Structure formats: structure tokens, C-alpha cells
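Data block below; observations after.
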Amino acid sequence: MNEHVIPPCVIPRTRLLQPTGALYFDYQENINHATHFSIWHKMRKLSFDFILDQSGIQVDADEVSNIDEEEEKTSTKPSQHHCRHPGCTHWLVSRGACIRHGGGPRCVVPNCLSGAKTGGRCWKHGGSRHCTVADCPNLSKARGLCWAHGGGKPCKMEHCAKTALLRGLCWAHGGGKRCTVEGCKRPAYERNGNPCDRHAQ
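One rule links them: number in this note's numbering = place in the sequence shown (from 1) + 6.
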């Protein structure tokens with residue numbers, strides 16, 4: 007057998023310098039290449055040169071800076087789960103919009119753009135259940151009852167039995183929206199753009 011032939015899994019005795027040039031390791035014969043690399047990689051991270059290497063710290067700082075810039079860019083983008091209408095923070099339902107701005111199913115009555123309730127119809131066209139009290143034509147609000155018969159949350163003011171409209175208060179105690187015209191205390195309606203019926207004409 008030729009003595010000068012070296013098996014592929016064996017390397018001769020040699021010395022490998024670390025990238026910093028501070029330390030080196032003697033590798034013995036008959037050690038696999040993968041073992042050499044594993045030992046060198048682990049020992050390199052334990053060396054003082056690797057720990058004190060300022061170039062590595064600078065690279066990490068640059069990477070962190072880039073990540074912060076990317077997060078700042080993405081944070082300014084509007085959420086994909088909110089209504090696309092400018093200034094609206096409601097959750098979208100369908101077609102990129104909330105129910106108020108055209109999302110969700112529409113009333114099946116021709117030319118009606120209101121949101122559908124029960125039976126595919128809006129409240130105006132009968133898409134809601136009526137009060138369960140006998141001979142009451144009003145629509146039910148909660149628990150099968152209209153506001154007049156207790157279908158709603160009561161006002162949170164003590165000794166007040168009226169139904170709460172907004173922020174847990176009835177109309178008399180500040181619940182509900184007022185007309186946008188200065189000095190007018192009448193109820194405001196979304197269909198009018200938030201003035202009352204009188205000032206919407």
C-alpha cells in the first residue's frame with residue numbers, strides 16, 4: 007500500500023489560526039473535518055477577541071436600526087382590519103368597509119342602501135322583530151321588547167326608570183346626541199348629518 011496516500015476523512019497535523027489571530031488550536035490526525043469546525047466555532051465564541059470585537063457590535067446595531075425603521079414604516083400604515091373610510095376606526099365587515107360605510111349585507115328592497123337585519127331587510131322595511139307585548143307595533147330592542155316596554159338597559163342614574171340611550175344615560179340625563187346647530191337641544195339623527203329634523207330641512 008502506498009504510504010503517501012491520505013484517506014479522505016483524515017487530515018495531517020496542522021495549525022489553524024482564528025480570524026483574530028490571537029489563538030490557535032492544534033488539530034490531531036484522524037479527526038473528521040466536521041469535528042474540527044464544530045470545536046473551532048464553539049471555542050471562537052468563548053474567546054476574548056470575539057467578545058470584544060467592536061465590528062460585530064457595530065453590525066448588530068445597524069441591523070437593529072434597520073428593524074426599527076421598518077417597524078416605524080409599517081406602524082404608520084392603516085390597519086387592514088379597519089374600515090377604509092377616512093377617519094373611521096370601526097372594524098370592516100365586507101368590501102373593505104364597516105356597516106355604516108357600506109359593508110355587510112344590504113336590504114333586499116330595490117334602491118335601499120341600509121344594512122339588512124332579519125329576513126334580508128332593514129328596519130324601515132320590516133327587517134326586525136316586533137315587540138312581544140300584545141297590540142304593540144313598535145320594534146323590539148332587546149329581550150323581545152321595545153324601549154317603551156323595557157327592551158333596553160335602564161338609565162344608570164339612581165331612581166331613573168327610563169331607557170339608556172348613550173353612555174348608560176337616558177335622554178333626560180345627557181344620553182343621546184343633540185342637534186349640531188348651536189343652542190338646539192333636539193335629538194340629532196345620522197340620516198340628517200347629525201342635525202335635528204327641523205334644521206335638516
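Note that the Cβ used here is the ideal one computed from N, Cα and C, for glycine as well. All values derive from a computational prediction rather than experimental measurement.
Item	Value
Determine which residues share a DSSP beta bridge with P193 and list them.	R184
Should L172 be labelled buried (16 or more other beta-carbon atoms within 10 Å of its own) or exposed?	exposed
So for T124, helix, strand or coil by DSSP?	helix
For L175 and K159, what's the separation of their Cα atoms in angstroms?	9 Å
In chain order, what residues of the same chain have a beta carbon less than 7 Å from the beta carbon of G102, not counting five sequence neighbours either side?	R90
Tell me the start and end of each unbroken alpha helix (DSSP H) in the region 152-180 that is at least 4 residues and wholly inside, in chain order.	none
Less than 8 Å between the beta carbons of K147 and W153, yes or no?	yes
Does L119 pass the burial test, meaning 16 or more other C-beta atoms within 10 Å, or should it be called exposed?	exposed
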